[in-house]
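Some notes on the structure that comes next.
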Amino acid sequence: MSDRVTFGGSGLDRAGNLRKNADRIEELFASPEARVLALWRGKPCFADDSRTSLAWLASGHPGTTGSEAPVFLGFDEGRPVFTLALPDWEEACAQLPGSGFSDLTEQVHPAIPESHLFADLRRSMTALTPREAELAAMGRSLLSWHAAHRFCANCGQPTRPSHGGWQRDCNACGAHHFPRTDPVVIMLVTRGNSVLIGRSAGFAERMYSLLAGYIEPGETPEDAVRREVFEESGIRVGRVSYLTSQPWPFPSSLMLAFHAEAESSEINIDPVELQDARWVTREEMARIYAGEHPEIAAGRPGAIARFIIENWLADRLPEITA
Ligand SMILES: [Zn+2]
Numbered sequence: 160m161s162d163r164v165t166f167g168g169s170g171l172d173r174a175g176n177l178r179k180n181a182d183r184i185e186e187l188f189a190s191p192e193a194r195v196l197a198l199w200r201g202k203p204c205f206a207d208d209s210r211t212s213l214a215w216l217a218s219g220h221p222g223t224t225g226s227e228a229p230v231f232l233g234f235d236e237g238r239p240v241f242t243l244a245l246p247d248w249e250e251a252c253a254q255l256p257g258s259g260f261s262d263l264t265e266q267v268h269p270a271i272p273e274s275h276l277f278a279d280l281r282r283s284m285t286a287l288t289p290r291e292a293e294l295a296a297m298g299r300s301l302l303s304w305h306a307a308h309r310f311c312a313n314c315g316q317p318t319r320p321s322h323g324g325w326q327r328d329c330n331a332c333g334a335h336h337f338p339r340t341d342p343v344v345i346m347l348v349t350r351g352n353s354v355l356i357g358r359s360a361g362f363a364e365r366m367y368s369l370l371a372g373y374i375e376p377g378e379t380p381e382d383a384v385r386r387e388v389f390e391e392s393g394i395r396v397g398r399v400s401y402l403t404s405q406p407w408p409f410p411s412s413l414m415l416a417f418h419a420e421a422e423s424s425e426i427n428i429d430p431v432e433l434q435d436a437r438w439v440t441r442e443e444m445a446r447i448y449a450g451e452h453p454e455i456a457a458g459r460p461g462a463i464a465r466f467i468i469e470n471w472l473a474d475r476l477p478e479i480t481a
């Protein structure tokens with residue numbers, strides 16, 4: 160199922176074997192076939208204000224001077240693709256957005272043609288092709304990792320990117336650092352005909368979702384499912400089966416989705432984690448997804464929670480086996 164999830168694998172040729180060859184990477188970047196995706200503060204450059212496709216620049220374009228060396232993403236239809244983070248420019252800094260789930264502002268760079276603009280990937284993730292969604296997700300996660308790892312975690316000295324942007328090296332102590340992905344479990348907890356949903360204090364009005372949480376060190380995903388559900392809702396979970404996954408580049412998570420069988424039904428929420436949790440029947444969920452529920456709105460398009468609930472409603476999920 161994961162190929163139908165937003166940001167699901169598009170089968171990109173990442174050409175990892177070339178990363179150690181700095182000369183070859185440089186040659187590929189300089190070639191006329193090279194295409195470059197510029198990001199500014201995690202916002203990709205879109206081709207125009209419909210935001211349905213990314214803006215790919217030639218590597219000699221004045222808008223491709225990054226804060227650091229470009230990151231090699233691989234080959235798309237045989238053409239080498241790169242991404243880089245643009246340094247701040249004056250106009251953009253003056254339009255800094257407020258906080259919130261989605262940044263609604265758009266920026267135009269003086270060196271990048273007028274129709275191209277920088278916008279929040281969350282607003283457009285479902286409009287992109289799977290290939291462009293994968294490239295934007297890779298770019299966003301990798302560049303945010305570079306931005307947050309300029310100094311060595313071992314000795315505190317500055318680090319430099321290497322291996323086409325898939326590694327950072329510390330010259331002072333010799334340590335190598337690699338991009339991280341944080342695993343998160345998200346679970347469809349069911350009991351008979353009902354599913355458990357909850358909302359956190361920060362959620363938009365009427366928004367509920369499946370429970371989710373980070374996997375802790377030394378923990379299996381299945382145990383993380385049982386622990387998180389019990390901590391947040393007081394519900395005991397028995398059998399747990401893997402469903403599908405989604406890379407989630409905000410900034411670098413990997414969502415691992417599970418179907419979990421509840422063994423108790425009395426909800427006892429942790430008020431720090433959740434504002435409310437409730438059991439919703441299949442019929443009630445169908446009303447939510449038809450937009451006919453007075454208290455609960457359907458999940459966001461593109462989020463894996465919505466994908467799983469839609470498949471549960473359509474009875475397309477496999478049986479829980481483990
Ligand atoms: Zn070091």
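If you want my numbering, it's the 1-based position in the sequence shown plus 159. C-beta atoms are modelled at their ideal positions from N, C-alpha and C, and glycine is treated no differently. All values derive from a computational prediction rather than experimental measurement.
Residue from the options whose Cα sits closest to the Cα of residue i
i    : options                : result
E442 : L472, R200, I428, C329 : L472
S400 : G357, T349, S411, S359 : T349
S283 : E265, S190, R385, R365 : E265
A270 : C204, A189, E375, E186 : C204
W407 : A217, L301, V267, L187 : L301
F188 : P272, F362, F241, P338 : F241
G233 : A445, A174, V431       : A174
C314 : S303, C332, H322       : C332
S359 : R437, D207, P246       : R437
R299 : A228, W199, T480       : W199
S209 : G393, S274, D262       : S274
L177 : E451, S412, H322       : H322
F337 : D429, G170, H308, A363 : H308
L280 : D429, R386, F409       : F409
A312 : R183, A334, S212, E186 : A334
A462 : S412, D207, A445, A421 : S412
T288 : T224, G167, A449       : G167
A449 : G237, E364, E469, P272 : E469
V164 : T480, I467, P477, L476 : I467
Identified DSSP bridge partners for residue i
i    : result
A421 : V396
D435 : R358
Y401 : F417
L406 : Just to set this straight, residue 406 is Pro in the shown sequence, not Leu. Its beta-bridge partners are L413.
T440 : S353
L276 : F205
F310 : P317
DSSP-derived helix/strand/coil call for residue i
i    : result
A295 : helix
L413 : strand
M366 : strand
S475 : Note on residue identity: the sequence assigns Arg, not Ser, to residue 475. The answer is coil: DSSP assigns R475 none of H, G, I, E or B.
P289 : helix
V388 : helix
L187 : helix
D182 : helix
A174 : coil
F466 : helix
R194 : strand
L263 : coil
A456 : strand
D382 : helix
S303 : helix
Proximity test, residue i beta-carbon vs ligand 1 heavy atom, cut-off 7 Å
i    : result
A307 : no
Q326 : no
Q266 : no
A181 : no
N313 : yes
C204 : no
A334 : yes
Q405 : no
Q316 : yes
A473 : no
A383 : no
A295 : no
A331 : yes
**Study point:** Start-end ranges of the beta strand (DSSP E) lying completely within the region 197-255, minimum 3 residues
**Key:** Within the region 197-255, the complete beta strand (DSSP E) runs of at least 3 residues fall at 202-205, 230-235, 238-244.
Review point. Which ranges does the beta strand (DSSP E) cover as unbroken runs of at least 3 residues, wholly within the region 314-380, from first to last along the chain?
Key: Counting whole runs of 3 or more residues, the region 314-380 contains the beta strand (DSSP E) stretches 318-321, 326-329, 341-350, 353-358, 370-373.
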